[in-house]
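What follows is one structure encoded as structure tokens, with my remarks underneath.
In the working numbering, the protein residues as written are 11 to 346.
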């Protein structure tokens, strides 16, 4: 094992001891195998290269205060992977087998899990893709599911600071009744140009409106939208073209546990100015507070230079559960 400086870890790829791979052919998945190989050999005519049958997930394992290593909500990710598979005409992967595979690869790389107190975690990335060589537009006949793991540090090294966001007026993240609600690789490719243009104007994240009418908030380019109202409600968007975030779903539950009213509903773009706190939420960072939102010539300034009090409360409770500092009353954690 390489000598890892836990306090200098970034959120980036790092090869570890092994990944686990499964192959689908003749209507069934094999039993999988651990491998130290980080390369894949496939035909230049592989389905994924031409017709984009590729889906993925993201989750984390944490070393808790008690020294035990646990994965956060892997069954939720297994369900979402299968939802994506159904949409792209790919074979589903049994949920129990998925969780067992995650446990197996985490255990094989247990010494890569950042120690408790470092703020780090073991990021887990399952990816499934079609490998049949073909030049006709059809679903692949064969698939690979690869689950890789890598240690990552806290997303924000110097504490969580608000970032500025820009509402996309020239691009849509997804089409109405398209694939916005699944974790398809192509969805992220579709957001790259708008994100590039936003970053050139010094906006780290892009907020997309609904692709049908451009009047309701959908989600950020990489994560769900959430807001705290001035009377303390947790509000997140309801749309058929956004990804059902495991982090957002967990935060909704945590908010209710803390006594906050919660609402999942359509959010009109004109409501943005009325919120007290706004954030993007996802696996990598849990919450990214937003300081300002720019929409054309209009700027909404929430006035925060630090994470707001309600978002901080949610973040602390969520990460506290992940690191076994608070009781896991919803049985979210699976021990490895």
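Idealized CB from N, CA, C, for every residue including glycine.
Residue 328 lies in the alpha helix (DSSP H); which residues open and close that run? The continuous alpha helix (DSSP H) containing residue 328 extends over residues 319 to 332.
Per the contact definition of three or more C-beta pairs closer than 8 angstroms, is the region 153 to 166 in contact with the region 284 to 293? Segment contact: the region 284 to 293 against the region 153 to 166, fewer than three CB-CB distances shorter than 8 angstroms; contact not assigned.
Which partner residues does residue 344 have in the DSSP bridge list? Per DSSP, the beta-bridge partners of residue 344 are 81.
Under 8 angstroms between C-beta atoms of residue 57 and residue 128: With contacts defined as CB atoms closer than 8 angstroms, residue 57 and residue 128 fail to qualify as a contacting pair.
Go to residue 49, then tell me how far its alpha helix (DSSP H) extends in each direction, as first and last residue. Taken as a continuous stretch (DSSP letters only), residue 49 belongs to no alpha helix (DSSP H), as it is neither H nor E.
Taking just the CA atoms, how far does residue 193 sit from residue 132? Their Cα atoms are separated by approximately 20 angstroms.
So, for residue 322: in the same chain, excluding its five sequence neighbours on each side, which residues have a beta-carbon less than 7 angstroms away from its beta-carbon? Result list for residue 322: empty, nothing under 7 angstroms.
I'd like the list of long-range same chain contacts for residue 271, defined as Cβ closer than 6 angstroms, with 5 residues on each side in sequence excluded. Closer than 6 angstroms at the Cβ level, and outside the excluded window around residue 271, lie 243.
Taking Cβ to Cβ, would you say residue 139 is nearer than 8 angstroms to residue 154? In terms of Cβ geometry, residue 139 and residue 154 form a close pair [threshold 8 angstroms].
To the nearest angstrom, report how far apart residue 232 and residue 219 are at their CA atoms. In a straight line, the C-alpha of residue 232 is about 14 angstroms away from that of residue 219.
Tell me, which residues are paired with residue 33 by DSSP? 154.
Does DSSP classify residue 126 as helix, strand or coil? Of the three classes helix, strand and coil, the one that applies to residue 126 here is coil, per DSSP.
Classify residue 265 as buried or exposed, calling it buried when 16 or more other Cβ atoms lie within 10 Å of its own Cβ. That one is buried.
Unbroken beta strand (DSSP E) run spanning residue 204, endpoints: Counting along the chain, residue 204 falls outside any beta strand (DSSP E), though it belongs to the alpha helix (DSSP H) covering 195 to 210.
Sorted by chain position, which residues of the same chain lie with C-beta nearer than 6 angstroms to residue 7's C-beta, five sequence neighbours on each side aside? Residue 7 is absent from the structure shown; the chain starts at 11 and stops at 346.
Per DSSP, what kind of secondary structure is residue 175 in: helix, strand or coil? The answer is strand: DSSP assigns residue 175 an E or B state.
DSSP bridge partner residues for residue 132 (one or two, in chain order): Under DSSP, the beta-bridge partners assigned to residue 132 are 71, 161.
Nearest to residue 277 (by Cα), restricted to the options 249, 269, 253: Closest option to residue 277, Cα to Cα, is 249.
Between which two residues does the alpha helix (DSSP H) harbouring residue 248 extend? In the DSSP assignment, residue 248 falls outside any alpha helix (DSSP H) and carries neither an H nor an E.
Smallest Cα separation from residue 59: which of 136, 72, 148, 240? When only C-alpha atoms are compared, the closest one is 148.
Using the Cα positions of residue 316 and residue 44, report the straight-line distance between them to the nearest angstrom. Whole-angstrom Cα-Cα distance: 43 angstroms.
Count the other CB atoms, across all protein chains shown, that sit within 10 Å of the CB of residue 46; report buried if there are 16 or more and exposed otherwise. So residue 46 ends up on the exposed side.
Straight-line gap, residue 85 to residue 54 (C-alpha atoms, nearest Å): Going from the Cα of residue 85 to the Cα of residue 54 covers about 34 angstroms.
Through-space distance from residue 61 to residue 319, alpha-carbon basis: Roughly 46 angstroms between the two C-alpha positions.
For the alpha helix (DSSP H) that contains residue 107, what are its first and last residues? Boundaries of the alpha helix (DSSP H) harbouring residue 107: 105 to 118, taken from the DSSP string.
Beta-carbon separation of residue 324 and residue 261 under 8 angstroms? Going by beta carbons, residue 324 and residue 261 fall inside the 8 angstroms limit.
Determine the direct distance from the alpha carbon of residue 42 to that of residue 50, and round the result to whole angstroms. Inter-residue distance for residue 50 and residue 42 is about 15 angstroms (C-alpha atoms, whole angstroms).
Counting pairs of beta carbons, one from the region 295 to 314 and one from the region 169 to 189, are three or more of them closer than 8 angstroms? Yes, they touch.
Tell me, please, whether the region 108 to 127 touches the region 64 to 84 by the rule of three or more beta-carbon pairs shorter than 8 angstroms. Short answer: they touch.
Simplified DSSP state of residue 307, which is helix, strand or coil: It is coil, neither helix nor strand.
Buried or exposed by the 16-neighbour rule on C-beta atoms within 10 Å, applied to residue 199: Its Cβ having fewer than 16 others within 10 Å, residue 199 is exposed.
Reducing DSSP to helix, strand and coil, say where residue 298 ends up. In this structure, residue 298 counts as strand in the three-state DSSP scheme.
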